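Peer 1: As you go down the protein sequences, you meet chains A, B, C and D in turn. Going by numbering that gives the first Met the number 0, the residue at position 227 of the first sequence is 226; the numbering climbs one at a time, nothing skipped. Going by numbering that gives the first Met the number 0, the residue at position 138 of the second sequence is 137; the numbering climbs one at a time, nothing skipped. Going by numbering that gives the first Met the number 0, the residue at position 42 of the third sequence is 41; the numbering climbs one at a time, nothing skipped. Going by numbering that gives the first Met the number 0, the residue at position 441 of the fourth sequence is 440; the numbering climbs one at a time, nothing skipped. We put the beta carbon where it would ideally sit given N, CA and C, even for glycine. Here the structure is a predicted model, which is why all the values come from computation and not from measurement.
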Amino acid sequence: MSFDWMKIPYALLTVFIVFNYGLLLGALIQKIGARAGRRHGIPIWQNYIDLIKNYGQRTSITHGVMFYLGPVFRLTGGIGLLLFVPTIYGSYMFSNLSFAGDLILALYFVFFGTLGMALGAGESGHPHAAIGITRGLSQVSVAELPFALAVFAVALQYQTLSVTDIVAAQQGGMLNWTLFTNPLAVAAAMLAFLGSMMRPPFDVVIAPQEIPIGPPTEYHSAYLALMQTNRAIFPVAKMVIYMNLFFGGATSWPEFAVKVFLLYLFSAFVGVCFPRFRVEQSIRWFLIWAVPLGVLAILWV
Amino acid sequence: MVAPISTLTTRQTTRQTHMIKRAIALLLLFAVGTLFASLLLGYVPDSELNHTARYYAERTAGDVGAANIVTAIVVTYRGLDTLGEVTVLFISAAIVGLVLAQDRLPSDAPRQPRVPVSELLSTGSRALTPLILLLGVYVFVNGHLTPGGGFQGGAIVASGMLLLLLADPLKQFSHQLISVLESLSGLLFVGIGVLGVLLAGGFLDNRLLPIGTLGELFSAGVIPVIYSLIGLKVGAEFSSMLASLSETEET
Amino acid sequence: MISLAQMAMAAGFILILIGFYGALTQRNLLRMIVAFTIADTGVNIVLVAVGHMRGRTAPILDVAVPAADAVARVIDPVPQALVLTAIVIGLGVTALMLAYALKLHARKHTLDIAKMTELKW
Amino acid sequence: MVSALHIITAALAAAFLMGLLKEQQRGLAFGITLVTLAFMSWISAGWLWTFASTDTAAVEIFTAGTQPPFAINLRIGLAEAALTLLINLTGLFSALALKDTLLALGRRAMAVWLVAVMALSGIVLTRDLFNLFVFFEMTVIATAGLVLLSEHSKNDGQALAAGFKYLVVSQFISAFLLIGIIFAYHTTGTLNIDGMAAAAPLLSGSAAQAFSLAFFLIFIAIVAELKPFPANGWALDIYESAHPAFSALFSAATGAAALFAVDKLLLIGGDAWLPMATGIGIITFIAANLLALPQTNDRRLLGYSSIAQTGLILAVLGQRDILGDHTLYIAGGLLLSHAVAKAGLFWLSGLIAERGLEAWAALRGHPVLIFAFVSFICMLTGLPPFPGFYAKWELIHLLAGEGRIALLGLILLGALIEAGYLFRWFGYIMKREAPAEVVDNAAHKVVAVIAALAAAWALSLVWGELSVLQFERGNLLLALPLLFALTFLALDPLPAWLKNTLAIAGLLAWFYLTYTEYDPLRMIFAVIFLIGGSLTLLASYHAHGQRSGFYPSAMLMFAGLAMLIRATDTFDFFVAWELLTVGSYFLILRGKHSEPHALSYILFSLGGAFLILAGFALATQGAPHFDLSALADLVQPLAPWVFLLLAIGFMTKTAAIGLHIWLPGAHAEAETDVSPMVSGILLKAGLYGLIVLLLTMGRQDFYGVELINVMLWIGAITALIGNLLAIFQEDAKRLLAYSSIGQMGYAMFGLALMNHLGWLMALMFVINHYVYKSMLFLSIGGVAKRTGTREMYRMGGLITLMPLSFIATLIGIIAVSGVPPLSGFGGRWIFYNAILTAEARLPMVIIFLAGPIAFLYLFRLIYTIFLGQLKDEFRRVKEAPFWIVLPQMIYVAILLVVAVVPGLVLRHVDSYLNAFFPNGGLVWEGSTITSQFGYWNPVAIMIIVGVIFMTLFAWLLFVNRRAQKVKQFNIVFSAERPFRPETTHFAWNFFAPYRKALGFLTLPLATMFWSTVTDLLHTAGDLARRFYTGNGQTYAFHLLAFVMIVYLFGMGVRP
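#1: In chain A, what lies closer than 7 Å to D/Ile-947 by C-beta?
#2: Are the segment 109-116 of chain A and the segment 62-80 of chain A in contact at 8 Å, needing three or more beta carbon pairs?
#3: What separation, rounded to the nearest whole angstrom, lies between the Cα atoms of A/Ala-188 and A/Tyr-241?
#4: Taking 8 Å as the threshold (beta carbon to beta carbon), is D/Thr-1028 in contact with chain C?
#5: Once DSSP output is grouped into helix, strand and coil, what is the label at D/Leu-73?
#6: Report the neighbours of D/Leu-159 on chain C: residues whose CB is nearer than 7 Å to its CB, in chain order.
#7: With distances taken from CA atoms, which of D/Phe-483, D/His-396, D/Ile-410 and D/His-541 is nearest D/Phe-470?
#8: Is the Cβ of C/Phe-12 closer than 8 Å to any Cβ of chain B?
#9: List the residues that DSSP assigns as beta-bridge partners of C/Thr-56.
#10: Are the Cβ atoms of D/Gly-1055 and D/Ile-217 separated by less than 8 Å?
#11: Relative to the C-alpha of D/Leu-394, which candidate in D/Ser-173, D/Leu-460 and D/Leu-311 has its C-alpha closest?
#12: Within its chain, find whatever has a CB closer than 6 Å to the CB of B/Gly-78; leave out the 5 residues flanking it on each side and keep chain order.
#13: Classify D/Met-0: buried if its beta carbon has 16 or more other beta carbons within 10 angstroms, exposed otherwise.
#14: If I'm right that D/Phe-422 touches D/Leu-598 with Cβ under 8 Å, what's the distance once you round it to whole angstroms?
#15: Could you run through the segment 112-144 of chain D and flag, in chain order, every residue whose CB is less than 7 Å away from some CB of chain C?
#16: Which of helix, strand or coil does DSSP assign to D/Gly-355?
#17: Using 8 Å as the threshold, is the C-beta distance between D/Leu-84 and D/Ser-52 below it?
#18: Kindly indicate which residue of D/Ser-336, D/Pro-886 and D/Thr-569 has the alpha-carbon position closest to the one of D/Met-676.
#19: Please name the residue in D/Pro-274, D/Pro-519, D/Ile-527 and D/Arg-521 whose C-alpha comes closest to that of D/Arg-403.
#20: Taking the C-alpha atoms as reference points, what is the distance between D/Gln-66 and B/Gly-64?
#21: Can you list, in chain order, the residues of its chain whose CB lies under 7 Å from that of D/Leu-756, leaving out five sequence neighbours each side?
#22: Tell me the residue span of the alpha helix (DSSP H) that contains D/Thr-253.
#23: Measure the Cβ-Cβ separation of A/Ile-297 and A/Ala-142 and say whether it is below 8 Å.
#24: Does DSSP classify D/Tyr-934 as helix, strand or coil?
#25: Within 8 Å of any Cβ in chain B, is that where the Cβ of D/Pro-67 sits?
#26: Would you call the segment 241-254 of chain D in contact with the segment 1015-1023 of chain D, where contact means no fewer than 3 C-beta pairs closer than 8 Å?
#27: Assess contact between the segment 226-235 of chain D and the segment 97-116 of chain D, defined as three or more Cβ pairs (one per stretch) separated by less than 8 Å. Is contact present?
#28: List, in order along the chain, the chain D residues whose C-beta lies closer than 7 Å to that of A/Glu-122?
#29: Look at the alpha carbon of A/Phe-146 and the alpha carbon of A/Phe-255, and state the distance between them as a whole number of angstroms.
#30: Does the Cβ of B/Leu-119 have 16 or more other Cβ atoms within 10 Å, making it buried, or fewer, making it exposed?
#31: Can you name the start and end residues of the beta strand (DSSP E) that D/Trp-923 belongs to?
#32: Decide if the segment 456-475 of chain D is in contact with the segment 503-513 of chain D; the criterion is three or more beta carbon pairs, one per stretch, under 8 Å apart.
#33: Just mark B/Ile-68 as buried or exposed, buried being the case when its beta carbon has 16 or more other beta carbons within 10 Å.
#34: Counting along the chain, where does the beta strand (DSSP E) carrying D/Val-574 start and finish?
#35: Is any beta-carbon of chain B found at less than 8 Å from that of D/Phe-385?
#36: How would you label B/Arg-206, buried or exposed, when you count the other beta carbons within 10 angstroms and need 16 or more for buried?
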């Protein structure tokens, strides 16, 4: 097969842009959240500082090979998710490596990181890590359900699994967006979105209060840096998918920026309004509210 | 006060169960009765002999030469039945012997009769037994001519034994003699049968010996011989049963 | 009108029923055996009765019944031959049952059949 | 040729001769007895040979030099010769087994024994009705006497009581018989059976009425000798109290003779009486089997089983109007199977000291006796290659051909119940602790058992030949795979490694011999069954010593699998199916605690097999041969029924939801190297069946219900529930077992889609599931072997101690969960493409929900076992044995290769499927695979992910090159060793939130349902048997009631 080597620098460019945008956006959202809580919040460049600091640090301990693999899996998941989906519709430059696979691949890369993370934290042997994993996996697996259902509703609706085709089908006016052609699916997906953004009310997995709880606990220095990088890229990558599937995709970077920001804001908005769920509560919540929507979406198509 | 009541109730329950049992028995037997009744009502006596019986009536004199057709059937035509019959008696005697074997007292053990035997009975028996035996022998030797035959004769002989036993409950019979007697007669019976296959028309064919003239003692081929053997055998078997039963110690 | 044979047959059947009734209701082994001998007798009577034919004589050839016209004169000889066998077999069974009863009494010191139920279900 | 008459005369002569011997000459008497019996057997054998080799007509034997009907005559033909041979041989060997008793009791007992055997032969030979009566009376009296043979050993009067009860009942019987005979004579004017048969139809009016009454009495009296339900309490007491060697004669010979007598009678009565025979027979068959369930005394249980078998054969005789000239083949096959097996079992019971079923565990030390027992119960349950199997096959087919479905169903039901208690018993033998008393293996007693064993296999050979002659079917015993499996019985003493090598060589050789004849579809299964089988067998090298009994069972299973994919017609297919079922049952039973699970496995499998049999029979409609491909030609209204039966039958093997309860225990409790066989390989047999079914029959409309859609639903629900149940398991192997259920659900779903992608997905599942499930079962089995537990929460932190097992598990779970870039993703990708094509959306959603759940149990599997805190007791655990690890590594290699070039397999399957589903296939351009929905480029994915992954990993390693490993407790415990480290490993009740939220979905409803069914059966049997009060009079009541009921209902049937 003829492989166009230029795709590689282009792909790296995408990663770079998304990475920076993710860092800023993350900080911005944090600030908004803080202001809503009558707090001052972090400076906008705080993430850069933390990141540089963590990359600078060197650890002298390890828990074994899986412990390394945790963050590696995580970040691979994030980047993979980003690269297997075209970021900017119609642009050859930013279609990334989407020739390699379709939606299903993307779906799997949503899970890829979580699974690897769980494995890595698992080897740390920290009992709380296990608890965090249990919660994380339980919640994510349920939270992804409505999303997956919605995705399939869309796939059925457009009779294709290729993201590009789906975006193409939504061009020509807002009303062609899935948001309007298939509101049920979008609703289900947006609820799922809340669950996977690791923000309240579904953030018990990485809840700041129980600092010792959750996979990140055992990770520091470079490990942590990798994970922070991922936390910058992954949400954006995810929102790119949402954007592409439900909101007509983006034909240019500005459009991209706006749509992603709005999506992020949505989760933040919900986050500041609602208290936190226990895991079984959130499972029930998703099963009762989100999943039926997804089912309806599929039946309705 | 409680106990009698409970016993009473149990007695009542047992009585009730008996009642029920009888009721069911009557019910069932009523059904059986209806079956029998329908047999009875459906029964029409023959006016003519059916072809089997007619064959016997016509051919017996010629083929078998026995004046007593029943005997001809018993010993020759249906000889296999008779052999089986003898066998049945034989194994019954054997089993009775087996069953009672354990409880039998050693022959030399002193035994007291429960009631003294009356003078009349003992003398009577001494006088009668030979006659009875003689009668028995006569009956089975003439089985092919007159009513009667091996079984009847054997039974008569055994009754003579019974009389002896009644007269003297302590009497001992030689089991060895009895068993030799029955075995020999049995063997000869089978042997003659097989000879029939070899020398005459088939198993138990009576024409090993000449048929002779109808109505004479020495006629009807081997029928008299066989019937005598049967008589001996039956007599011996009955006697051995009687002996076993009588020698069993009631415990 | 009812023939002799039928009367005998009826009597035989009744005997059988009586015997069965006794066998079903009497719990004493010896009484049961007696009941069975009654039933056997009944059976034998029926057997003979079936072979009987009005106005004929016993199947024995002599001056009274020459071989020539035996066919017209004698009754069916077969049932008589059969009944002989039946009697003897019945007698064998009876003897056997008596021996068993004797032995059972020696073992269990009872003749009640309802008390001999170790084997069941 | 010696006249058959001398069977009788010889016995009589010998019996009478006994009287001349002295009471002391017992040895001589015994010698005479044996010689006579041998002589009698020799006569019958000679006749049997004559009739079998040359088609000579039956020979008449006249007595009294007079022709019948005026004198009694005997007849010997093929049936007579075979039966008398059976009777005399049974008599001979039983006498041998009775040696001690006979010597103790002396010549009288021997005389009675001889007469008994002779009388039975007489019943078979005679052609005269009254003579029949005489022989019957002889039998009755002899039986009553011989019951007492057990008296001298255990002197408790039980046998006496039993004998007396028997005499009581027989008095009633003989009264009826005599009256019946005399009236029959009166109406027909003859006593000759053939004469009567000729005369009876000519009767008319009152005579006919009288005759039918008389015949009824005769018939019912003879039938009563067959111990019909409920008039059989006396017989059971005899079986329980008598000496087993006599019971052998009573069950095998008396039963056979009485059945033949009934056969003669039916000749007289004609077809009008067949329904009555059938009715009595089938009721007895069901009831006796039901009553046998709660039995604990081995001899009484065998008694019930004998009665049941006799009932079955009576029912078969009642079908003679449709069996026609196959009657001998079918009834004879059943009869001989029953007789030989029962005689053998009773003789075996003579070797056992105690009467409880568990006491038979004493046999365990004696492989030969075990083999005998197995052969006997397989013979009774009609498994191949025994005669009963051929007979059952023909019978069911004839019944189905004539539309006698109810009878067919009842027969199969009874057979299933019977299999239930027989195999339960075998479970006791293999698993319960052996009692103190050792097996009494006196030569003269064992000889009898061996003889029965030899007879059993000889008969199967004969019936095989007959099936070749009559139906041009293969002789199973000569089928190469089966022979190969059986040879391992002989090789059993050899060391395990040698046998293992032979086994692997055999599998590969067979594949080499046959690979040319498989189409791609079959090829997939052939590779999995044979190559895959030999791969899993590699693990068996770890076993030391002799490993007695493993290889015959395993090879039996593989033989079945090998024959299954080559089968072209229904017969071969079913044979293979039965073989692999039985073989796998023995394999599973080998597990330490697998007794109850193996039982439920064999019961479900046999139940399924019977459904398949019924389905085939229905489809065949009496045609001698039926190609599987001909299933396609079936039409309404037959087709959907056939489809239903077959589908359910196959689904029991694939453990569809509701029929799944046997699987977890069976797979989890099996030995380390057996689990991969039964899970990775055996389950595929069920899928193969489904594939064959769907390829031929496809869509079926059942009263407006599209059966395919039902299957779609079943598949989806199975997948969901299987996965859900898996995440809550604490037992690692059970977790894997439940996940298998889920995976089979996926495969069924795919097949039920009935389109290209669906089938592609199913076949990919077939392959992938074999690889990763075998691998996981091996690695988990290895861990369990080392740690001595399967409870995951007891383990933890084993990654450093068992790295290889860990890698295998890691790769395995990645493959199962289908996370890219490994091969599992290929399957998943096709799967998601496939379900897009599902018309029915709801099942699609359900199967969708099942997806993520897989992640949970898989993660739990690897985390709780290999990660987290190491337990104190396992600090010295070593890596799993080499031979268990080796296959895992091979599987890992396979997975990686397939991951990069899935085309290896996928492409061929894909192109092959075009034959059946031309459109909707995959498009292959370069390394990109395109479906009608999406595309997928495995190579690219592999490279991209690999590059990113490796870069990050390398960098991380680089920056932390000086990092050192943290000790176990250096985290949170601040380097203090906590009290009870296990508490620091969070593993018990993992995913508690899920249980809280979804626990209600995992209620064991199916288990409850099936256990209720079995409980009901047991309770029914237990209540019903109270009805045998043990009171002789009650038995008399039963008899009379039975006669009267049959009279009132039965005579209604008559014209």
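Peer 2: By the coordinates alone:
#1: Sequence index remark: in the fourth sequence, residue 947 of chain D carries index 948 (1-based). Neighbours of D/Ile-947 on chain A, chain order: Thr-75, Ile-78 and Gly-79.
#2: yes
#3: Counting from one through the first sequence, the residue named residue 188 of chain A turns up at place 189. Counting from one through the first sequence, the residue named residue 241 of chain A turns up at place 242. Approximately 8 Å between the Cα atoms of the pair.
#4: Working through the fourth sequence from its first residue, we reach residue 1028 of chain D at position 1029. Interface residue, yes.
#5: As a first step, residue 73 of chain D is located in the fourth sequence; it is residue number 74 there, counting from the start. Strand at D/Leu-73.
#6: As a working note, residue 159 of chain D is residue 160 in the fourth sequence. Going along chain C in sequence order, the residues near D/Leu-159 (Cβ under 7 Å) are Tyr-99, Lys-102, Leu-103 and Arg-106.
#7: Locating residue 470 of chain D in the fourth sequence gives position 471, where the first residue counts as 1. For the residues D/Phe-483, D/His-396, D/Ile-410 and D/His-541, the minimum Cα distance to D/Phe-470 belongs to D/His-396.
#8: Along the third sequence, read from residue 1 onward, the residue named residue 12 of chain C stands at position 13. Chain B contact via Cβ: present.
#9: By one-based count along the third sequence, residue 56 of chain C stands at place 57. Paired residue(s): C/Val-73.
#10: Residue 1055 of chain D cannot be examined here, being either before or after the span of chain D that is shown, 0 to 1054.
#11: Within the fourth sequence, the letter at position 395 stands for residue 394 of chain D. Measuring from the Cα of D/Leu-394, the nearest candidate turns out to be D/Leu-311.
#12: One-based indexing of the second sequence puts residue 78 of chain B at position 79. Closer than 6 Å at the Cβ level, and outside the excluded window around B/Gly-78, lie Leu-203.
#13: Along the fourth sequence, one-based indexing puts residue 0 of chain D at 1. Under this definition D/Met-0 is an exposed residue.
#14: Position 423 of the fourth sequence, counted from the first residue, corresponds to residue 422 of chain D. Position 599 of the fourth sequence, counted from the first residue, corresponds to residue 598 of chain D. Indeed they touch by this definition, with Cβ atoms about 6 Å apart.
#15: Phe-129, Val-133, Glu-136, Ile-140 and Ala-143
#16: As a working note, residue 355 of chain D is residue 356 in the fourth sequence. D/Gly-355: strand per DSSP, three-state reduction.
#17: For this step, residue 84 of chain D is matched to residue 85 along the fourth sequence. For this step, residue 52 of chain D is matched to residue 53 along the fourth sequence. The answer is no: Cβ separation not under 8 Å.
#18: Stepping through the fourth sequence from its first residue, residue 676 of chain D is reached at position 677. Residue D/Pro-886 is the option with its Cα nearest to D/Met-676.
#19: Residue numbering aside, residue 403 of chain D sits at position 404 when the fourth sequence is read from its first letter. When only C-alpha atoms are compared, the closest one is D/Pro-274.
#20: Locating residue 66 of chain D in the fourth sequence gives position 67, where the first residue counts as 1. Locating residue 64 of chain B in the second sequence gives position 65, where the first residue counts as 1. Each residue's alpha carbon lies about 17 Å from the other.
#21: For the purposes of this step, residue 756 of chain D is taken as the residue at position 757 of the fourth sequence. Cβ neighbours of D/Leu-756 beyond the five flanking positions: Ile-829, Asn-832, Ala-833, Thr-836, Gly-919 and Ser-930.
#22: Taking the fourth sequence and counting its residues from 1, the one referred to as residue 253 of chain D is at position 254. Premise fails: D/Thr-253 is in no alpha helix (DSSP H) and is neither H nor E.
#23: Residue mapping note: residue 297 of chain A aligns to position 298 of the first sequence, counting from 1. Residue mapping note: residue 142 of chain A aligns to position 143 of the first sequence, counting from 1. No, Cβ-Cβ distance for A/Ile-297 and A/Ala-142 is not below 8 Å.
#24: Numbered from 1 along the fourth sequence, position 935 holds the residue referred to as residue 934 of chain D. If DSSP states are grouped into helix, strand and coil, D/Tyr-934 belongs with the strands.
#25: Start at 1 with the first residue of the fourth sequence, and residue 67 of chain D comes out as number 68. Closer than 8 Å: no.
#26: no
#27: no
#28: In the first sequence, residue 122 of chain A corresponds to position 123, counting from 1. Simply Ile-798 and Leu-866.
#29: Along the first sequence, read from residue 1 onward, the residue named residue 146 of chain A stands at position 147. Along the first sequence, read from residue 1 onward, the residue named residue 255 of chain A stands at position 256. If you take the alpha carbons of A/Phe-146 and A/Phe-255, they lie about 21 Å apart.
#30: Within the second sequence, residue 119 of chain B is the residue found at index 120, counting from 1. Exposed, because fewer than 16 other Cβ atoms sit within 10 Å of the Cβ of B/Leu-119.
#31: The count along the fourth sequence starts at 1 and reaches residue 923 of chain D at position 924. D/Trp-923 -> beta strand (DSSP E) spans 922-924.
#32: no
#33: For the purposes of this step, residue 68 of chain B is identified with residue 69 of the second sequence, where counting begins at 1. It is buried - the Cβ of B/Ile-68 has at least 16 other Cβ atoms within 10 Å.
#34: Position 575 of the fourth sequence holds residue 574 of chain D. Element bounds for D/Val-574: not the beta strand (DSSP E) but the alpha helix (DSSP H), 569-588.
#35: Start at 1 with the first residue of the fourth sequence, and residue 385 of chain D comes out as number 386. Chain B contact via Cβ: absent.
#36: Here residue 206 of chain B refers to the residue found at position 207 of the second sequence. Burial call: buried.
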